[in-house]
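Notes follow once the structure below has been shown.
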Amino acid sequence: MTLDTKTPPAPRRWAMFAILLVGTFLPPLDFFIVNVALPSIREDLGASPSSQQLVISAYAAIYAVTLITGGRLGDLFGRGRVFLCGLIGFAVASALCGIAWSPWALIIGRILQGVTAAIMAPQALASIQVIFPETEKPLALSLYGAVFGLAATIGQALGGILISLDLLGLGWRAIFLINLPLAILVALFGIPLLKDTRLRHARRLDIGGTMLSMATLGALIIPLIEGREAGWPLWSWLSLGAVPPLAWYFWRYESRLASTGRAPLLSPAALKAPGLGRALLIALLFYTIAAFFLLFSVFLQGALHLNALSAGLIFLPFGAGFLLGPLAAPLGTRVVGVYVNAIGMALEAGGFLCLVWLVATTPLGMPLAFVPLAVLLFTIGFGQGLALPTLMRMVTSRVAPAFSGMIAGIATSTLQVSAALSVAIIGGIFYSLLGLQDDPSAITHAFVVSMLCIALCLAVGSGLSITLARRPSIVPPADGRVAGA
29 MTLDTKTPPA
39 PRRWAMFAIL
49 LVGTFLPPLD
59 FFIVNVALPS
69 IREDLGASPS
79 SQQLVISAYA
89 AIYAVTLITG
99 GRLGDLFGRG
109 RVFLCGLIGF
119 AVASALCGIA
129 WSPWALIIGR
139 ILQGVTAAIM
149 APQALASIQV
159 IFPETEKPLA
169 LSLYGAVFGL
179 AATIGQALGG
189 ILISLDLLGL
199 GWRAIFLINL
209 PLAILVALFG
219 IPLLKDTRLR
229 HARRLDIGGT
239 MLSMATLGAL
249 IIPLIEGREA
259 GWPLWSWLSL
269 GAVPPLAWYF
279 WRYESRLAST
289 GRAPLLSPAA
299 LKAPGLGRAL
309 LIALLFYTIA
319 AFFLLFSVFL
329 QGALHLNALS
339 AGLIFLPFGA
349 GFLLGPLAAP
359 LGTRVVGVYV
369 NAIGMALEAG
379 GFLCLVWLVA
389 TTPLGMPLAF
399 VPLAVLLFTI
409 GFGQGLALPT
419 LMRMVTSRVA
429 PAFSGMIAGI
439 ATSTLQVSAA
449 LSVAIIGGIF
459 YSLLGLQDDP
469 SAITHAFVVS
479 MLCIALCLAV
489 GSGLSITLAR
499 RPSIVPPADG
509 RVAGA
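Counting in our numbering, the sequence shown runs from 29 upward without gaps.
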């Protein structure tokens, strides 16, 4: 099915979308599910601390730098076809992880998982702009947000359950091998259901732009993920310093390619759509909450001396809120219109400020009051879940459907960059304040300051959302020219 905005909606669009949502579910699930398995992996494979870090960071870095290319592949060669290729590749990579005989075999499997996850992940978000009429897009985006939140929430719990069950004596390997039957089942249902949506006149992939985009994002993402753990060595600063010239050359290359009538990886004209830059800045501020998951675990275990299982279960109210928030987004849109994203991010900011107050007023070493803590975590999760679908629409609705894969990749990649920046900068603030101390007082002080930083970022994002909500989306025509430009 070629892209044609006048084509009636696909009759089986919801079934197609349900299949594509698996590509939304698996990537964050396989990021979070590994965290609880690291001790078992270390014991079984003899993995060093640096190897354990790479098991997580290699996946995160490769996933982030490949997302834009994955989205553009869907535009050019068909989103259904590209999704199935990514799904099958992800299953193969998961099998390699599951049979890994050494730390490096596992790391290579995780790298392949990151590449294939980035190929399938953008297809669901991109397809929303193409297969659904305007009246159904809010519900589709809400389901997208709910699935994203569900994966992030149950990942760590599912990992712990699978390891404790020790299915067939597989231990930690089950967290990867469980992807195989799921992928086979989805492929069997997806092959007859999925219809390709793509550009009417598909062109070749911009290989030069792909390499430059990966080099630019890699120079940014890899030191952000690895730099703090490695003590910010010289290579990390050189890599970050290379980002501006790489980005400038990438933009110049894409502009020159577009001027010759060829199809660049990123269309410069489409990216000049009014309000798109501000929407992406909001997305960059949105996922600063990523540092919270790391630092709250450190606080719970280091200052309150909870065990890993108890610390993980405390996140459940957040997960419940994150699951319900997207489902409430359509109702919120009917009640407050275009201000849903601003309200969601404001709820998050307010929740963090109240969490700071709760921590600061609780005597050192004493557990936090359960009911207020649960309410605050639910509020933060609900705010994030409420804001996510509307944020994605704020970004994707500003370009023509012909570029939906491109903009879906950019939007998802921006969230990954936001997470990496959050952990690097706000995590850096936390550990700088902590220094060599590890007593509850020092951990609590560092945690409070870090949460105030997250609240500030979310408040700024909420304010920017209000200003952007007052500007209607101006979708450029499919040839990439911005209307009115």
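Even glycine gets a Cβ: it sits at the ideal position worked out from N, Cα and C.
query: Per DSSP, what kind of secondary structure is Glu254 in: helix, strand or coil?
result: helix
query: How is Met394 classed by DSSP in three states: helix, strand or coil?
result: coil
task: Could you check what DSSP says for Phe320 in three-state terms: helix, strand or coil?
output: helix
field: Runs of beta strand (DSSP E) wholly within the segment 355 to 440 (minimum 3 residues, chain order)
entry: none
query: To the nearest angstrom, how far is it from the Cα of Leu115 to the Cα of Gln151?
result: 11 Å
message: Between the alpha carbons of Phe324 and Ile371, how many angstroms are there, rounded?
response: 24 Å
For Val384 and Met515, believed in contact at Cβ under 8 Å, the rounded distance: Nothing can be reported for residue 515, as the shown portion of the chain is limited to 29 through 513.
query: With a Cβ-Cβ cutoff of 9 Å, do Gly365 and Ala168 count as a contact?
result: No. Outside cutoff.
- request: Answer yes if the segment 454 to 465 comes into contact with the segment 97 to 108, meaning at least three C-beta pairs across the two stretches below 8 Å, and no otherwise.
  value: no
message: I need the boundaries of the alpha helix (DSSP H) containing His473, first residue and last residue.
response: Pro468 to Ala497
message: For Phe204, tell me which candidate among Leu262, Ile471, Leu140 and Val427 has the shortest Cα-Cα distance.
response: Among Leu262, Ile471, Leu140 and Val427, the Cα nearest to that of Phe204 is on Leu140.
- prompt: Leaving out five residues before and five after Arg201 in sequence, what residues of the same chain have Cβ atoms less than 6 Å from its Cβ?
  reply: Gly126
field: Ile96 versus Pro417, Leu419, Gly142 and Val158, residue with shortest Cα-Cα distance
entry: The shortest C-alpha separation from Ile96 is found at Gly142.
- request: Run through the segment 264 to 339 for me and flag every whole alpha helix (DSSP H) of 4 or more residues, listed as ranges in chain order.
  value: Runs found: 296 to 299, 304 to 314 and 318 to 330.
field: Residue burial classification, Ser192 (beta-carbon count within 10 angstroms, cutoff 16)
entry: exposed
field: Given Phe350 as reference, the closest of Thr407, Ile84, Arg109 and Phe475 once Cα atoms are compared
entry: It is Thr407 whose Cα lies nearest to the Cα of Phe350.
query: alpha helix (DSSP H) containing Thr163: first to last residue?
result: No alpha helix (DSSP H) contains Thr163, which DSSP labels as neither H nor E.
query: Around the C-beta of Ile219, are 16 or more other C-beta atoms found within 10 angstroms, so that it is buried, or is it exposed?
result: exposed
- prompt: By a C-beta neighbour count over all protein chains shown, 10 Å radius and 16 as the cutoff for buried, is Ser287 buried or exposed?
  reply: exposed
- prompt: How many Å lie between Gln412 and Ala374 at the Cα?
  reply: 9 Å
message: Which of the three DSSP states is assigned to Ala247 in this structure?
response: helix
message: Using a Cβ-Cβ distance cut-off of 9 Å, determine whether Phe217 contacts chain C.
response: No chain C is part of this structure, which consists of one protein chain only.
field: Spatial distance of Val214 from Arg138 (CA atoms)
entry: 21 Å
- request: Could you tell me whether the Cβ atoms of Ser441 and Ala92 are closer together than 9 Å?
  value: A Cβ-Cβ contact shorter than 9 Å links Ser441 with Ala92.
query: Under three-state DSSP, which class holds Ile61?
result: coil
- prompt: Starting from Pro220 and walking both ways along the alpha helix (DSSP H), at which residues does that stretch end?
  reply: Asn207 to Leu221
- prompt: Terminal residues of the continuous alpha helix (DSSP H) containing Leu233?
  reply: Looking at the DSSP string, Leu233 is not in any alpha helix (DSSP H), and its letter there is neither H nor E.
task: Look at Val403 and Pro354 and say whether their C-beta atoms are less than 9 Å apart.
output: With respect to the 9 Å criterion, Val403 and Pro354 are not classified as neighbours on the basis of their beta carbons.
Three-state secondary structure (DSSP) of Ile342: coil
task: Pair every Cβ in the segment 314 to 323 with every Cβ in the segment 44 to 55, then say whether three or more of these pairs are closer than 8 Å.
output: no
task: Answer yes or no: do Met422 and Ile310 have a C-beta to C-beta separation smaller than 9 Å?
output: yes
task: State the DSSP-derived secondary structure class of Gln81, mapped to helix, strand or coil.
output: It is helical.
task: Run the CB neighbour count on Glu254, radius 10 Å, all protein chains shown included, and call it buried at 16 or more, exposed below.
output: buried
query: Between Phe59 and Ala415, what straight-line distance do the alpha-carbon atoms span, to the nearest angstrom?
result: 22 Å
message: Using a 10 Å radius around the Cβ and a threshold of 16 neighbouring Cβ atoms, would you call Gly393 buried or exposed?
response: exposed
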